Amino acid sequence: MTHDLESVALTLVADGKGILAADETVHTLTQRFDTLGIQSTEKSRRTYREMLFTAGVAEFISGAIMQDETIRQTSSDGAPLVQVLSKQGILPGVKVDAGAKALASAPGETVTEGLDGLRDRLSEYRDMGARFAKWRAVIHVTDSLPSRACIAANTHALARYAALCQEQNLVPIVEPEVLMDGSHSIERCEEVTGAVLHAVFSALRDQRVWLERMLLKPNMVIAGKDWPHPASVQEVATATLRCLRRAVPAAVPGIVFLSGGQDDRTATVHLDAINRLPGTKPWKISFSYGRALQDHALETWHGRDENLAAARQALYERARCNSAASLGRYTDEMENTPASVASAPHRREWRDD
Ligand code: 13P
């Protein structure tokens, strides 16, 4: 079992592979559907997730993160979605936190909840076929936030979750997200991200979490959305790698970034630039993107069956570009020369036309 968790963690960050985060809650996915005028029902959410999971992306995607509704769903021909993934060699994962809730006595800050009953839920998900899990802590940045109370509460919960996952034979993805919302500089983001990561690894040590059997899912070091002087790609890459080198132990097998509101191409370009930087990188550096992988596919689908094949193609192209970026081999031309479906014969079974 010990060996199993280490090999699952390594499989998730195999060369040229990253993770598809498709674990939006019903509430969040409904909001995304609303902006496009797509009706959110149990069936339409299933159709959407089934489209993502049948896009033939196994050469680029090692694992997919679901949420509670999705992991219990079956595909249109009756196979559990977990099986749809594992048959292609994509490891099924599940979001297990209960969301960020207001932190008492800390205006503007949240703590992620969900520890109560977590052991039993993890055991159930493991029996359903999940091999890894995810928990997201959310850190808001201003001149005076985050507070020490917020960092302490969130990192303690992340570490308790990670220890429980390993006890229940699931690889924990530890996600402390320092938000891009706000008008802070890239320097402020680096300062906060560094402080949060140091606290995360201190808490993981306190709770006896095996670093070899987990993955870290951090934000990149990037200026706030409303900061007037956006940093260059090179500045983002350099600050991100410097921050991670200072805070993330070499025993961690992989770092898989969240996209956090960057547009899809920017998230790809940044990942590529980080991987191209010279110097020590003791961990694999890849992606676990939600919006940056899905946005184009969701818009393309638009809730219509006749668009399913094109939506799969859109996801395939984004996954292909990010796979290249995880190896530091992405080029702009890849955006203009999509892989032809005909050249990927293993994908034919997923085409509608
Ligand atoms: P984004 O890539 O859209 O930030 O989502 C990643 C994720 O899993 C957030 O928890």
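Counting from 1, one number per residue, gives the positions in the sequence shown under this note's numbering.
Virtual Cβ for every residue (Gly too), placed ideally from N, Cα, C.
Owing to the predicted nature of the structure, the values given are computational and were not obtained by experimental measurement.
{"query": "Evaluate the contact criterion for the segment 97 to 117 versus the segment 41 to 61: three or more CB pairs, one atom per stretch, below 8 Å.", "result": "no"}
{"query": "Are there any heavy atoms of ligand 1 lying less than 6 Å away from the beta-carbon of A21, as far as the coordinates show?", "result": "yes"}
{"query": "Between the Cα of P107 and the Cα atoms of G78, L145, L122 and R72, which residue gives the shortest distance?", "result": "L145"}
{"query": "Any contact between the segment 280 to 287 and the segment 302 to 315? By contact I mean 3 or more CB pairs, one from each, below 8 Å.", "result": "no"}
{"query": "Evaluate T193 with the Cβ neighbour count: other Cβ atoms within 10 Å of its Cβ, from every protein chain shown; 16 or more gives buried, anything less gives exposed.", "result": "buried"}
{"query": "Could you say if the segment 41 to 58 and the segment 315 to 329 meet the contact criterion of at least three C-beta pairs nearer than 8 Å?", "result": "yes"}
{"query": "Are at least three pairs of beta-carbons, each pair with one atom in the segment 138 to 155 and one in the segment 74 to 89, less than 8 Å apart?", "result": "no"}
{"query": "Among E109, A22, A273 and T11, which one has its Cα closest to the Cα of V233?", "result": "A273"}
{"query": "Is the beta carbon of S144 within less than 6 Å of some heavy atom of ligand 1?", "result": "no"}
{"query": "Following the continuous alpha helix (DSSP H) through W301, name the residue where it begins and the one where it ends.", "result": "R291 to W301"}
{"query": "Quick check: the segment 8 to 22 against the segment 282 to 302, are there 3 or more CB pairs under 8 Å?", "result": "yes"}
{"query": "Is G56 near ligand 1, in the sense that its beta carbon is under 6 Å from a heavy atom of that ligand?", "result": "no"}
{"query": "Work out the CA separation of H184 and V334 for me, nearest whole Å.", "result": "Strictly speaking, residue 334 in this sequence is Met, with Val absent from that position. When rounded, the distance between both Cα atoms is 33 Å."}
{"query": "In the DSSP assignment, the alpha helix (DSSP H) including L164 goes from what residue to what residue?", "result": "R148 to E167"}
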